[in-house]
Amino acid sequence: MRKSMIEPITGRYMQLELWGASHRIYWEESGQGIPLLCLHTAGSDGRQFRALMNDEEVTAQYRVIAFDMPWHGKSSPPAGWEAETYELTTRKYLDLILAISEALELDRPVVMGCSIGGRIVLHLAREHPDAARCVIGLQSAGMINPYYDIDWLYRPDVHGAHVCAGMVSGLIAPTAPGEHRWETLWHYMQGGPGIFKGDLHFYTVEGDIMDHVGEIDTAKCPIYMLTGEYDFSCSPEMSQTTADAIEGAKFKVMEGMGHFPMSEHPEAFKDYLMPVLDEIRDAS
């Protein structure tokens, strides 16, 4: 008999009015307890958090939820998308997070985001501190300095999906297991045309919050930051500078990790995440 295992993850769609249009949003979840709303990286989707959703130690205490942003993964773009250019902004991103939380009736969730998600949680803590009991920023910094030419991401004479994967491949730590490395890259190879570039508009241009992170009140919304030592996009130094500017922020460097800790090496990532989740649970 063939070996098989049914995972505890369930997936559903919701119809959501967002940004002046009707959207069909896909999300997955697993577990029970404190809601943990997970935000994926630019150009990818919620599959990056599949290991957390399959971890019984995590799901025994947390309801882990990960959604695909519009235009990403299984979430379709709205009608008329072919006549517009996708471009993510701070206002749109915040509106999306708040709308998802409201639609799922989440009671002050823990919001954990990576990369662009790690940036937007800083905006969330500053502008909507009552919307989350705390935020966790993975590969989080107030601003980064681009090291790439994003014009290559949407050209008719190149394979955009391969370029996306090629651009981020160096951000994965050399210690990451091969199977996790290639699954992480596969998610990028499946992205829609121009979507990674549109996400990076927020990440590298519009979403700069460095001059305002000092306004975040961690007494209202605690902040935890975890950054992989091998990440040269959002380096530990960039995260440290951001954390130093936020009174009360807690920051730690993850040894042997890169830009995608939850998907590139979930076993090692858990060693850093669980103490944070335990502290949040005890405080709750």
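Note that this note's numbering has the sequence shown beginning at 55, numbered continuously upward. The C-beta atom is built at its ideal place from N, Cα and C for all residues, glycine as well. Source: prediction; values computed, not measured.
DSSP places K306 within a strand segment (E or B) once states are collapsed to three. Residue range Y116 to F121 is occupied by the beta strand (DSSP E) that includes Y116, with no alpha helix (DSSP H) assigned at that position.
Proximity to V175 across D262, Q69 and E71 peaks at D262, based on C-alpha coordinates. Counting the other CB atoms within 10 Å of its CB gives E233 a total below 16, which places it among the exposed residues. Around the Cβ of W81, a 10 Å sphere holds 16 or more other Cβ atoms; the residue is buried. A distance below 8 Å between beta-carbons, with the five flanking residues on each side excluded, links P247 to the following residues of its chain, in chain order: Y208 and G214.
Scanning the stretch 228 to 259 from its first residue to its last, the whole alpha helix (DSSP H) runs of 4-plus residues come out as 232 to 243 and 249 to 255.
Taking the Cα positions, M279 is about 12 Å away from P315. V212 carries a coil assignment under DSSP once its states are collapsed to helix, strand and coil.
Taken in chain order, the unbroken stretches of beta strand (DSSP E) that lie wholly in the stretch 73 to 118 and span 3 residues or more are 75 to 85 and 88 to 93. The shortest CA-to-CA distance from D122 to any of K324, R66 and H216 is the one to R66. In this structure, the alpha-carbon of L106 lies about 28 Å from that of V217. Judged by their CB atoms, L331 and V112 are nearer to each other than the 8 Å cut-off. Here A195 has C288, M292, S293 and T296 as same chain residues with Cβ atoms under 6 Å from its own Cβ, once five neighbours each way along the sequence are excluded. Per the DSSP secondary-structure output, V189 pairs in a beta bridge with V165 and I277. Taking 8 Å as the cut-off, the beta carbon of Y140 is found no closer than this to the beta carbon of F256. According to DSSP, residue pairing for E71 in a beta bridge involves S76. If the five residues before and after A96 are omitted, its C-beta is found closer than 7 Å to the C-beta atoms of S169, I170, F250, D253, L254 and Y257, all from its own chain and listed in chain order.
Residue state for R173 is assigned as helix, using DSSP reduced to three classes.
DSSP places T296 in the helix class (H, G or I) of the three-state scheme. When the five nearest sequence neighbours on each side are left out, the beta carbons in the same chain lying within less than 8 Å of the beta carbon of S338 are those of I88 and R187, in order along the chain.
For T139, the secondary structure class from DSSP, reduced to helix, strand or coil, is coil.
Note on geometry: alpha-carbon atoms of F305 and T272 lie some 13 Å from one another. A Cβ-Cβ contact shorter than 8 Å links V165 with L91. The Cβ atoms of P131 and S76 lie no closer than 8 Å to each other. The residue from R145, S58 and E159 with its alpha-carbon nearest to that of H182 is R145. As the crow flies, the alpha-carbon of S98 is around 30 Å from that of E269.
The alpha carbon of G74 has as its nearest neighbour, out of D109, M243 and W135, the alpha carbon of W135. Close CB contacts of M264 within its chain, under the 6 Å cut and outside five residues either way in sequence, are with G196 and M197 (chain order).
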